[in-house]
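Protein chains in written order, with our numbering: chain Y, 305 to 687; chain P, 305 to 687.
What follows is the structure, encoded as structure tokens:
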């Protein structure tokens, strides 16, 4: 492809959302676009998959209440979330974190029409919120981590939404900041919403958020996700967890959308979570760390290239290239059948801020990542 | 429970939606509430379940485009839907028919705020449509089947929504009526939306709807569902299929909610659909017919009791009891741990019309249905 054609290619897709760019990658062997888990099964995970017929029959014979309770028990405890409200119907199993997000958004908009949202973050969060009719105000990431939120912001919104660890930056709201944020939300009667879908990759995000939220007593909702962690072919659960005082019609809207997730998926989540607690998470963290090192190693020393998220342990990695637009690099990589994400759409309030970064997914086979990083290196070295 | 307590019980739940009543039944062994498939696997279905580990590995190695195409190919062809637009991205795989419904509703409301909807029908359809902000006008079932829709109605709405076969009545829009309805919609530039989730139970609903819709050329959308047919523990797909001229942001909203359904679920649907085409559907129809006969036989001869849907072949059966409220019967059955649905909420425009009917789910083991029908008989015989 010639430069002029590359320009046409990038122009054609510049307004596509991130998921639409992910579709383009789905059938490619060099798909580093979406954040789904596409690495190989570990030995102990393969044993679980081998037992699927028995798990199916066991699930068919067990009351779904027990399966749900075992699944969220294993998952939340593996992630250090011991004070989650598992016993009183405040943990709703959804088909995915995005379905949980859709249900939460529809519940929120019945009372709230202005919301503050972390900037940048994955674009389907602002798109779903805006899609149901909510107006958004950005919270810059530095502001969130460095100081209290301005009273004027909190007075102007009914809810605050924070992704932690954030996607794509990997930044984590620490316990002290979460407590203060929850206190501010309580003082302003603002609902605090968290998306913690990537917390399984980062021990710093595994302090007990529910203990903090319940102690502070603000109105809150948390979206949890099993879908980013394990190569279960997208058999996953997104959980929507809410405070007893939330007082939004979450249950009702949930009941409009689903009766429940598959009993087999609940069982699978339970088994993968137990495996994770028994060493699987450590193995996963080491695997992602290896992949991150491979990408950084392959790209080291290229002029103008940097890694903005030096402390991230998440399963995605941003690469910044000064002097080259992300859509341009995206199109050049695509020409080589390598798919990544350009980052402008993560910057939902100011896309220009993402114009120099692309995102690599790391939950892939290591040799695939190495080969894709080499392709990027050769594209950048050729100018 | 004494009559006074029964009254309290029914009063407490009279405003619950049908899915909320279905939750109450989920952990009971005598759950005839929801329309999910809870019968035993047939011999050939059990063979598929036994091969889950191999299907998992094959699915992991196959491009998802191929898995999708095989899944909808097998499913739509098994149901006689040969002209469905499978080749050009107009068949979107969703986690469930309700997720397809949510996506369609969110797309519709960007252009349309008034819609006509079949009355009665399952209450999550009006609830989702109203939940996104659409105002509904009822289409009585007799009117739909007997004559053209009034011009005044079509002039006042942007879309018409019809469930066929209907839930709970089992009534099917025949080919001639569908063609006329599509023509009327085309003439009035009204979008025709169909939910055909129960069509697998009824050969009368298996003429090629897509051939009719495409020939007439109106704007249309169809929700299809694998979820009611087979005891796959709710591993299922809801498909959202749209006309090329629909011109609503369905693709964009789909991309806000999901990247795709599980490759393993696609493979499972393909295999169950092939099994269905090779005799599985005939076996299913016979099974449901047996269960319907057992229920009707057990309840025959009770004074004031009748079966309003004499020609239904669907996996649900309504029972009408003159002189007794459906909530009252529901509560009395629940006291015996038998769960059914009272029908008032199906009548979303006029709940009083459903006050004398309850709905039995038939996709259950035959001996369970027999025992539950006996319980109802004894409750009614005791007055």
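For glycine and all other residues, C-beta sits at the position ideal for the given N, C-alpha and C. Small disclaimer: the values here were computed from a predicted structure and weren't measured.
Review point. Of all Cβ atoms in chain P, is any one closer than 9 Å to the Cβ of residue 360 of chain Y?
Key: yes
Check your understanding: Are residue 395 of chain Y and residue 524 of chain Y close, meaning C-beta to C-beta below 9 Å?
Key -> no
Practice item. Out of P:487, P:592, P:615 and P:621, state which residue places its alpha-carbon closest to the alpha-carbon of residue 603 of chain P. Key: P:621
Point to revise | Residue interval of the beta strand (DSSP E) (run including residue 398 of chain Y) | key: 395-398
Point to revise | Nonlocal neighbours in the same chain, by C-beta distance under 6 Å from residue 685 of chain Y, ignoring five residues either side | key: none
Check your understanding: With C-beta atoms as the reference, is residue 648 of chain Y less than 9 Å away from residue 659 of chain Y?
Key -> Result yes, Cβ atoms of residue 648 of chain Y and residue 659 of chain Y sit closer than 9 Å.
Review point. Per DSSP, residue 522 of chain P is paired with what?
Key: In DSSP, residue 522 of chain P forms no bridge with anything.
Check your understanding: How is residue 488 of chain P classed by DSSP in three states: helix, strand or coil?
Key -> helix
Exercise for review: Report the neighbours of residue 368 of chain Y on chain P: residues whose CB is nearer than 9 Å to its CB, in chain order.
Suggested key: 330 and 331
Review point. Any Cβ of chain Y within less than 9 Å of the Cβ of residue 538 of chain P?
Key: yes
**Study point:** Residue from Y:384, Y:365, Y:420 and Y:651 with nearest C-alpha to residue 508 of chain Y
**Key:** Y:384
**Study point:** Spatial distance of residue 745 of chain Y from residue 596 of chain Y (CA atoms)
**Key:** With chain Y running from 305 to 687 in the structure shown, residue 745 of chain Y is simply not present.
Check your understanding: Just curious, the alpha helix (DSSP H) that residue 631 of chain Y is in, first and last residue?
Key -> 630-639
**Study point:** Residue from P:667, P:358, P:479 and P:681 whose Cα sits closest to the Cα of residue 335 of chain P
**Key:** P:667
Review point. If you run the structure through DSSP and keep just helix, strand and coil, what is residue 670 of chain P?
Key: helix
Practice item. Go ahead and pull the three-state DSSP assignment for residue 659 of chain P. Key: Looking at residue 659 of chain P - three-state DSSP - the assignment turns out to be coil, as it is neither helix nor strand.
Review point. With 16 as the cutoff for other CB atoms within 10 Å, does residue 358 of chain Y come out buried or exposed?
Key: Counting the other Cβ atoms within 10 Å of the Cβ of residue 358 of chain Y gives fewer than 16, which makes it exposed.
Exercise for review: Can you tell me the Cβ-Cβ gap for residue 398 of chain P and residue 541 of chain P, rounded? I've got them flagged as a contact below 8 Å.
Suggested key: 7 Å
Exercise for review: Check the Cβ of residue 649 of chain Y against every Cβ in chain P and list those closer than 9 Å, keeping chain order.
Suggested key: One finds nothing in chain P with a Cβ atom closer than 9 Å to the Cβ of residue 649 of chain Y; even the nearest lies about 11 Å away.
**Study point:** Sequence-distant residues of its chain with Cβ nearer than 7 Å to residue 494 of chain Y (five each side left out)
**Key:** 458, 461, 462, 463 and 464
Check your understanding: Are the region 571-587 of chain P and the region 420-428 of chain Y touching, with three or more C-beta to C-beta distances below 8 Å?
Key -> Judged by pairs of C-beta atoms under 8 Å, the region 571-587 of chain P does not touch the region 420-428 of chain Y, as fewer than three such pairs exist.
Exercise for review: Compare the C-beta of residue 416 of chain Y with all C-beta atoms of chain P and state if any pair is closer than 9 Å.
Suggested key: Taking 9 Å as the threshold, the shortest C-beta distance from residue 416 of chain Y to chain P does not fall below it.
Check your understanding: Does DSSP put residue 497 of chain P in a helix, a strand or coil?
Key -> strand
Point to revise | Straight-line Cα distance separating residue 427 of chain P from residue 439 of chain P | key: 15 Å
Check your understanding: Does the beta carbon of residue 436 of chain P sit closer than 9 Å to a beta carbon anywhere in chain Y?
Key -> yes
**Study point:** Same chain only: Cβ atoms within 7 Å of residue 536 of chain P, ignoring 5 sequence neighbours per side
**Key:** 572 and 576
Practice item. Check the Cβ-Cβ distances between residue 341 of chain Y and every residue of chain P, and say whether any is below 9 Å. Key: For residue 341 of chain Y, not one C-beta of chain P is nearer than 9 Å to its own C-beta.
Review point. Are any of the Cβ atoms in chain Y nearer than 9 Å to that of residue 402 of chain P?
Key: yes
Check your understanding: Buried or exposed: residue 614 of chain Y, going by 16 or more other Cβ atoms within 10 Å of its Cβ?
Key -> exposed
Review point. Are the beta-carbon atoms belonging to residue 617 of chain Y and residue 469 of chain Y less than 9 Å from one another?
Key: yes
Check your understanding: What is the C-beta distance between residue 401 of chain P and residue 555 of chain P, in whole angstroms, given that I count them as a contact (C-beta under 8 Å)?
Key -> Wrong, their Cβ atoms sit about 18 Å apart, outside the cutoff.
Review point. So, do the region 362-370 of chain Y and the region 311-325 of chain P have three or more beta carbon pairs nearer to each other than 8 Å?
Key: no
**Study point:** C-beta atoms of residue 482 of chain Y and residue 527 of chain Y nearer than 9 Å
**Key:** no
Check your understanding: According to DSSP, what are the bridge partners of residue 664 of chain Y?
Key -> Y:621
Check your understanding: Whose C-beta lies closer than 6 Å to the C-beta of residue 380 of chain P among residues of the same chain, with five residues either side of it excluded?
Key -> 388
Review point. Going by beta carbon distance, what residues of the same chain come within less than 8 Å of residue 445 of chain P, once the five residues before and after it are set aside?
Key: 422, 423, 424, 470, 473 and 475
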